[in-house]
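Line order of the protein sequences matches chains A and B.
Counting in our numbering, the first sequence runs without a single skipped number right up to 109 at its last residue.
Counting in our numbering, the second sequence runs without a single skipped number right up to 109 at its last residue.
Number of protein chains: 2
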Amino acid sequence: MTTIATDQDVVTLVNVFTVSPDHQQALADLLIEATRAVMNKLPGFVSANIHRSLDGTKVVNYAQWRRVSDFEDMLRNAAAQEHMQAATELAISVEPHLYQVASTDEVV
Amino acid sequence: MTTIATDQDVVTLVNVFTVSPDHQQALADLLIEATRAVMNKLPGFVSANIHRSLDGTKVVNYAQWRRVSDFEDMLRNAAAQEHMQAATELAISVEPHLYQVASTDEVV
Numbered sequence: 002m003t004t005i006a007t008d009q010d011v012v013t014l015v016n017v018f019t020v021s022p023d024h025q026q027a028l029a030d031l032l033i034e035a036t037r038a039v040m041n042k043l044p045g046f047v048s049a050n051i052h053r054s055l056d057g058t059k060v061v062n063y064a065q066w067r068r069v070s071d072f073e074d075m076l077r078n079a080a081a082q083e084h085m086q087a088a089t090e091l092a093i094s095v096e097p098h099l100y101q102v103a104s105t106d107e108v109v
Numbered sequence: 002m003t004t005i006a007t008d009q010d011v012v013t014l015v016n017v018f019t020v021s022p023d024h025q026q027a028l029a030d031l032l033i034e035a036t037r038a039v040m041n042k043l044p045g046f047v048s049a050n051i052h053r054s055l056d057g058t059k060v061v062n063y064a065q066w067r068r069v070s071d072f073e074d075m076l077r078n079a080a081a082q083e084h085m086q087a088a089t090e091l092a093i094s095v096e097p098h099l100y101q102v103a104s105t106d107e108v109v
């Protein structure tokens with residue numbers, strides 16, 4: 002279980018993949034495999050949460066890293082690069098951005 | 002605090018706003034206000050989590066609704082429409098999609 006809160010010491014990656022619906026499941030599977038084989042062993046990894054859009058056209062990774070520098074180190078890691086390259090080849094476009102949580106509201 | 006998990010009875014909205022950096026804070030504030038004034042009183046609202054990108058060009062609302070039909074009812078609500086129209090006018094583009102959580106991995 003991952004938590005979203007304003008007082009956590011994390012930086013959030015929201016990576017939006019646009020994908021052909023016939024590649025959506027393969028891309029989601031690849032991202033899950035990449036997380037478990039490589040990403041979750043890297044320094045500063047906090048969480049990765051893979052989402053499939055109901056319309057079949059998107060996959061979103063909502064991920065958390067401890068520091069911006071941990072995310073940047075991951076980008077330079079050869080094994081991570083190999084998985085990211087494979088994901089990019091399955092997608093039509095990839096749009097990663099780093100975020101901070103500005104607010105959370107939920108029903109109790 | 003919001004939780005991301007595969008076994009929750011929710012549908013997830015990831016709404017990505019592309020924005021001019023000089024409008025990013027105003028857009029985030031507007032979405033927070035819309036959540037607290039209107040959205041969180043609507044049937045089926047579970048959570049809304051507003052994120053600002055570190056590069057200033059994006060605002061993401063990671064939101065949860067109980068059912069797809071609750072989200073669709075919100076889209077038809079006049080007060081919600083008024084806030085969504087104001088948000089759209091502040092943004093360069095708006096890309097909302099509904100998702101299901103395929104997997105979560107986190108360090109313990």
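We put the beta carbon where it would ideally sit given N, CA and C, even for glycine.
- Only residues of its own chain outside the window of five on either side were considered, and among them F18, L28, L31, L32, A35, V95 have a CB closer than 8 angstroms to the CB of A88(B), listed in chain order.
- Under the DSSP definition of a beta bridge, A64(A) partners with L14(A), A49(A).
- For A88(B), there is no enclosing beta strand (DSSP E); the residue is part of the alpha helix (DSSP H) that begins and ends at 79–91.
- A92(B) and F46(A) have their C-alpha atoms spaced approximately 31 angstroms apart.
- When DSSP states are grouped into helix, strand and coil, Q101(A) belongs to the strand group.
- Between S70(B) and chain A, the shortest Cβ-Cβ separation is not below 7 angstroms.
- Assignment of V39(B) by DSSP, reduced to helix, strand and coil, places it in the coil class.
- Close CB contacts of S21(A) within its chain, under the 7 angstroms cut and outside five residues either way in sequence, are with I93 (chain order).
- Beta-bridge pairing by DSSP links V95(B) to F18(B).
- If you compare the alpha carbons of D10(A), T7(A), T4(A), A38(A) with that of E83(A), the shortest gap goes to A38(A).
- According to the DSSP assignment, T4(A) belongs to the beta strand (DSSP E) that extends over 3–5.
- For V15(B), same chain residues with a beta-carbon under 7 angstroms away, outside a window of 5 residues either side, are V61, Y63, H98, Y100 in chain order.
- Here DSSP, grouped into helix, strand and coil, assigns D8(B) to coil.
- In the structure shown, the three-state DSSP call for D30(A) is helix.
- The C-alpha of D71(B) lies about 39 angstroms from the C-alpha of M75(A).
- Nearest in C-alpha terms to G57(A), of all of H24(A), N78(A), A49(A), is H24(A).
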